[in-house]
Amino acid sequence: MGIIILFAWERIILDNGLTVIYEQDTTFPVVSVQLWYRVGSVYEYPGITGISHLLEHMMFRKTKNLDYGEYGERVRELGGEYNGATSYDYTFYYINIAKDRWEEALKLESERMQNLVVDSADFERERKVVLEEYLRGISNPLGKFYREFIYLLYLNHPYRQPIIGYRSDIENISWGEVYEHYEKFYSPSNAVLVIVGDVERNEMLEAVKEYFGHIRKKPPGKIRIPEGEEGGERRMFIRENVPYRKIAMGFPVPPRGDPDYTPCLLLSYILSGERGYLKKHIKEFDVSAYLNRRKFKPALIVTATFDEKISYGHAESLILTVLSSLPDSLTPRMLKRAKEKAITDIYSMSSSPFMRANFLGYLECTGHVEDGDTLLGQIQGTKIEDIKRVIEKYIKRERMAVLTMGREP
95 MGIIILFAWE
105 RIILDNGLTV
115 IYEQDTTFPV
125 VSVQLWYRVG
135 SVYEYPGITG
145 ISHLLEHMMF
155 RKTKNLDYGE
165 YGERVRELGG
175 EYNGATSYDY
185 TFYYINIAKD
195 RWEEALKLES
205 ERMQNLVVDS
215 ADFERERKVV
225 LEEYLRGISN
235 PLGKFYREFI
245 YLLYLNHPYR
255 QPIIGYRSDI
265 ENISWGEVYE
275 HYEKFYSPSN
285 AVLVIVGDVE
295 RNEMLEAVKE
305 YFGHIRKKPP
315 GKIRIPEGEE
325 GGERRMFIRE
335 NVPYRKIAMG
345 FPVPPRGDPD
355 YTPCLLLSYI
365 LSGERGYLKK
375 HIKEFDVSAY
385 LNRRKFKPAL
395 IVTATFDEKI
405 SYGHAESLIL
415 TVLSSLPDSL
425 TPRMLKRAKE
435 KAITDIYSMS
445 SSPFMRANFL
455 GYLECTGHVE
465 DGDTLLGQIQ
475 GTKIEDIKRV
485 IEKYIKRERM
495 AVLTMGREP
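Our numbering applies: residue 95 is where the sequence shown begins, and numbers increase by one.
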């Protein structure tokens with residue numbers, strides 16, 4: 095048993111390896127049922143990029159006992175809402191539903207875990223939908239900018255691959271490969287079932303065992319994630335006919351669980367926001383910062399948009415100068431405000447059964463649900479010296495990726 099933000103959760107592991115995270119919340123007569131799978135674009139390789147996203151699309155199509163579109167019709171008839179999403183580190187699905195009908199959500203997700211049907215004709219229809227989504231993304235200059243930046247930032251890591259995949263792979267992945275991906279990763283031992291809402295523990299556990307306990311245990315799919323640095327400073331320019339210029343600068347940092355992670359997280363809060371350090375010291379153009387919270391290799395990212403009269407070199411130099419001035423300017427008040435913002439964000443991630451289930455699923459799927467407790471303690475315990483240390487250690491020119499975009503270099 096653990097405590098996260100005043101709410102009690104419990105982890106139960108079934109004999110077939112399914113991890114269940116349960117928390118009772120009687121505030122509203124609703125239940126959020128979420129099924130998280132430990133598979134996303136980081137688990138892919140050239141030739142099958144985008145396959146996790148394609149599989150997510152197919153999961154809403156047909157199963158052995160559900161005809162085309164019947165899954166969505168069932169949920170809507172029950173008065174619920176549903177969706178799914180693919181990320182770099184995971185894929186998850188959710189149903190939010192009334193407390194007296196929540197078992198129907200279990201029944202539907204159990205069916206999808208076991209009995210997906212992928213036929214070639216239906217797959218080709220869904221492939222076309224994904225290709226249209228891909229084309230919309232690359233036709234947007236900002237979408238292209240961020241896609242190319244992630245590639246540059248993670249040049250030697252599978253995070254460089256876009257979640258939607260590369261066009262050639264989307265066009266050539268076979269339905270057989272999609273089904274093989276499903277068989278490899280959609281199994282109890284590679285899944286986290288999260289249930290948060292107005293349901294008693296014994297009722298919950300009995301229903302979970304009924305619908306999931308009999309599903310065959312399979313070894314989870316294995317991958318090898320490269321370790322080490324990206325190989326020094328990396329730069330690229332992309333030409334787009336836009337009436338502004340843009341720059342993104344990224345600095346890889348350690349993952350959650352490393353002692354330096356929380357100081358890097360708080361550094362992002364010190365830098366970001368309307369009252370943040372960057373906006374306070376840079377008035378010439380709009381600038382922001384954030385930490386992208388990847389499981390294996392997060393990064394501190396600074397982006398700026400500015401007028402064509404301002405050179406890329408000037409914008410980059412100004413940002414680096416402000417970043418390098420921070421260690422000598424840090425005050426207890428700045429750190430206190432960053433901690434308050436970070437803790438407030440954690441609270442906001444637990445503001446409803448859906449949000450809490452989402453937060454708990456994310457924590458467990460990218461590490462351990464206990465990390466929520468640990469993170470709160472680490473935030474409170476971080477000192478100014480810790481922030482200075484990570485700036486000196488990670489915010490270096492020789493470690494950064496820089497992408498610029500505009501009409502002219």
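The beta-carbon is built from N, C-alpha and C at its ideal position, and this holds for glycine as well. The structure presented is a predicted model; accordingly, all values stated were derived computationally and were not measured.
{"Query": "Of the residues M153, A199 and N284, the one placed nearest G173, counting alpha carbons only", "Result": "A199"}
{"Query": "Cβ neighbour criterion (16 or more within 10 Å) applied to D194", "Result": "exposed"}
{"Query": "Separation of E492 from P346, as counted between CA atoms", "Result": "11 Å"}
{"Query": "DSSP state of D380 mapped onto helix, strand, coil", "Result": "strand"}
{"Query": "Touching by the beta-carbon criterion (3+ pairs, under 8 Å), the segment 284 to 302 and the segment 118 to 132", "Result": "yes"}
{"Query": "Closest by C-alpha distance to S411, when choosing among E218, A342 and S442", "Result": "A342"}
{"Query": "Assigned secondary structure, S446 (DSSP; H/G/I helix, E/B strand, else coil)", "Result": "coil"}
{"Query": "Nearest candidate by alpha-carbon position, reference D119, set M207, G134 and G291", "Result": "G291"}
{"Query": "The beta strand (DSSP E) enclosing E175, as first and last residue numbers", "Result": "E175 to T180"}
{"Query": "Beta-carbon spacing of E508, W130 below 7 Å", "Result": "For the chain, the structure presents residues 95 to 503; residue 508 sits outside this window and is missing."}
{"Query": "V463 (DSSP reduced to helix, strand or coil)", "Result": "coil"}
{"Query": "Which residues DSSP lists as bridging A495, in chain order", "Result": "R328 and G344"}
{"Query": "Inter-stretch contact (C-beta, 8 Å, three-pair minimum) for the segment 487 to 501 and the segment 389 to 403", "Result": "yes"}
{"Query": "Inter-residue Cα distance where the pair is R261 and I319", "Result": "23 Å"}
{"Query": "Residue interval of the alpha helix (DSSP H) (run including G407)", "Result": "Y406 to S423"}
{"Query": "Proximity to P256 [Cα-Cα], best of G471, V272, G231 and K201", "Result": "G231"}
{"Query": "Distance, G455 Cα to G163 Cα", "Result": "26 Å"}
{"Query": "DSSP three-state assignment for L172, whether helix, strand or coil", "Result": "coil"}
{"Query": "Inside the segment 243 to 295 only - beta strand (DSSP E) runs reaching at least 3 residues", "Result": "285 to 291"}
{"Query": "Cβ-Cβ distance between I413 and V288 below 7 Å", "Result": "no"}
{"Query": "Contact between the segment 457 to 473 and the segment 426 to 445 (3+ Cβ pairs under 8 Å)", "Result": "yes"}
{"Query": "Length of the line joining the Cα atoms of R241 and Y228", "Result": "11 Å"}
{"Query": "Sub-7 Å separation of T185 and S214 beta-carbons", "Result": "no"}
{"Query": "Identity of the residues DSSP links to S126 by a beta bridge", "Result": "N190 and V290"}
{"Query": "Alpha-carbon spacing of K278 relative to R427, whole angstroms", "Result": "50 Å"}
{"Query": "Burial state of L100 (16 or more Cβ within 10 Å)", "Result": "For L100, the predicted model reports a pLDDT of 48, less than 50, meaning its position is unreliable and no value from the coordinates is stated."}
{"Query": "Integer Cβ distance of S362 from Y384, believed to fall under 8 Å", "Result": "6 Å"}
{"Query": "Integer-rounded CB distance, given that T157 should sit under 8 Å from N209", "Result": "4 Å"}
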